[in-house]
Amino acid sequence: MIAPTLTRFEDAISKVIDSESVADIEQFMEELTSYGITDIEQLEEAYSGCYRDEATFCEDLMSEMYSSEMDALPTWVHYAIDWELVWHQSLRYDYFTVYFDSEHYFFSQNF
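In our numbering, the protein residues as written are -6 to 104.
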């Protein structure tokens, strides 16, 4: 049996989802296409990471944005934040998720 040749876009998706299954790649690509991501450049620009849930994504994103000493949130404030609420009230308008294989893949809507 001859293995199918993947396009650059399909290969990039394969690396994002860590799967070589053609069915998985096609399913994920179909999901991305429904959001307007149709090529490798858009994928690379929009992809924001893979997380177990929205709250973890929000916490990680904010930690990265405010990682310098001057901008760092005090620890007590950091632990008091409802990260899931941050997702639902603010960030879900700037990002979309593709739920695949028990993981949430996050993409910027501004690609």
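Cβ atoms here follow ideal geometry from the backbone N, Cα and C, with glycine treated the same way.
The continuous beta strand (DSSP E) containing residue 90 extends over residues 88 to 93. The closest CA to that of residue 89, considering only 55, 74, 68 and 51, is found on 51.
By the neighbour-count criterion, in which a residue is buried when 16 or more other Cβ atoms sit within 10 angstroms of its Cβ, residue 22 is buried. Leaving aside the five residues that flank residue 49 on each side, the residues in its chain whose CB is nearer than 8 Å to its CB run, in chain order, 76. Per DSSP, the continuous beta strand (DSSP E) segment holding residue 100 begins and ends at 96 to 101. Around residue 38, the same chain offers 104 as residues with beta carbons nearer than 6 Å, after the five sequence neighbours per side are excluded. DSSP places residue 60 in the coil class of the three-state scheme, outside both helix and strand.
For the options 36, 46 and 95, the alpha carbon positioned closest to that of residue 101 is the one of 36.
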